[in-house]
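First comes the structure, then the notes that go with it.
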């Protein structure tokens, strides 16, 4: 997204026993009634309120945050359920517009979308052009073939000499570019960065042997490993100094910041947020409160990450 990975219904691309089949939770479950909040709805900017539709830019496939159900048309995932729940609170129909990840922020600036929900990491550079309302905790991870012998959990020594598949436009690209410079400076083998516009294809480069590792957000690599029926695994994960992701809001629409923050607060208080997080397996990324970010100074400086221990039994 991003920190941001993955997946369109990969069932159309791989055998059912291969890595990557997206198995969504029961989509036929009864919709939970989320009542309109009149006070919140009144705070929505007039243009959106009069239209009656909240237009949200997103980027699927990126399971479990946003991806396609087996019909290859219906968007599902943690972010989708969260955005739909916000729409119900605000008495707005939600219109999801799927596009490439690196087109969402320009689209917000151009007025094509009201907000963006696509696994966006709250980064200094992004805060120069959009605001954010935090929606979940993030971090990153590294996906490898199980039994490959590859052990990586950082953007320094363990990644040198590897072929790394990564989605274009994500924060991992910049981290990998800096890792490549570090490796070369240390006299180590360089990092071969394989930039892929679609994260589904990024994972396919790993499955097909054209890459050694996929670098992406923690929820995404964990979901990919879970869906792979044991062929892929997460060798290492990391946290950033803030590790927060959120809803992107164009500066021209900053009146939506308080509305969205309060909507997130309502979902937290009413238990809907916890239910959605549990449904999509992102409970360890659940936030306790939602905050507004408008200034780059609110985000810590530095590219430091905090790697977790290499996962035993993966490589």
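Residue numbers (my numbering): 25 to 339.
Glycine is no exception: its CB is placed at the ideal position from the N, C-alpha and C atoms.
Burial state of residue i, where buried means 16 or more other Cβ atoms lie within 10 Å
i           : result
residue 204 : buried
residue 298 : exposed
residue 279 : exposed
residue 169 : buried
residue 226 : buried
residue 147 : buried
residue 90  : buried
residue 333 : exposed
residue 153 : exposed
residue 211 : exposed
residue 330 : exposed
residue 193 : buried
residue 337 : exposed
residue 252 : buried
residue 222 : buried
residue 74  : exposed
residue 62  : exposed
residue 124 : exposed
residue 119 : exposed
residue 85  : buried
residue 274 : buried
residue 209 : exposed
residue 149 : exposed
residue 159 : buried
residue 234 : exposed
residue 272 : buried
residue 248 : buried
DSSP bridge partner residues for residue i (one or two, in chain order)
i           : result
residue 189 : 218, 238
residue 274 : 154
residue 7   : As shown, the chain starts at 25 and ends at 339. That puts residue 7 outside it, with no answer to give.
residue 80  : 120, 139
residue 100 : 91
Residue interval of the beta strand (DSSP E) (run including residue i)
i           : result
residue 142 : 139 to 145
residue 93  : No beta strand (DSSP E) contains residue 93, which DSSP labels as neither H nor E.
residue 71  : Per DSSP, residue 71 belongs to no beta strand (DSSP E); it is in the alpha helix (DSSP H), 70 to 75.
residue 184 : Segment: none, residue 184 is in no beta strand (DSSP E) and carries neither H nor E.
residue 167 : 164 to 169
residue 121 : 117 to 122
Limits of the unbroken alpha helix (DSSP H) element including residue i
i           : result
residue 156 : Not the alpha helix (DSSP H): residue 156 falls in the beta strand (DSSP E), residues 154 to 161.
residue 197 : 195 to 209
residue 227 : 223 to 231
residue 63  : 62 to 66
residue 133 : 125 to 134
Cβ of residue i within 9 Å of any chain D Cβ
i           : result
residue 226 : Any reference to chain D falls outside this structure, which holds one protein chain only.
Discussion item. For the pair the stretch 286 to 293 and the stretch 309 to 316, tell me if three or more CB-CB distances fall below 8 Å.
Written reply: At 8 Å Cβ cutoff, the stretches touch.
Item to complete: Give a yes or no on contact between the stretch 216 to 235 and the stretch 130 to 139, applying the rule of three or more CB pairs nearer than 8 Å.
Response: No, because fewer than three Cβ pairs between the stretch 216 to 235 and the stretch 130 to 139 fall closer than 8 Å, the two stretches do not touch.
Discussion item. Quick check: the stretch 153 to 163 against the stretch 240 to 252, are at least 3 beta-carbon pairs closer than 8 Å?
Written reply: A contact exists between the stretch 240 to 252 and the stretch 153 to 163.
Worksheet item: Pairing CB atoms from the stretch 107 to 121 with CB atoms from the stretch 261 to 268, are three or more of them under 8 Å?
Response: Result no; under three Cβ-Cβ pairs closer than 8 Å.
Worksheet item: Which ranges would you report for the alpha helix (DSSP H) in the stretch 243 to 323 if only whole runs of at least 4 residues count?
Response: Counting whole runs of 4 or more residues, the stretch 243 to 323 contains the alpha helix (DSSP H) stretches 279 to 293, 296 to 303.
Discussion item. Taking contact to mean 3 or more Cβ pairs, one atom from each stretch, closer than 8 Å, check whether the stretch 94 to 104 and the stretch 318 to 338 are in contact.
Written reply: Taking 8 Å as the limit for Cβ pairs, the verdict is that the stretch 318 to 338 does not touch the stretch 94 to 104.
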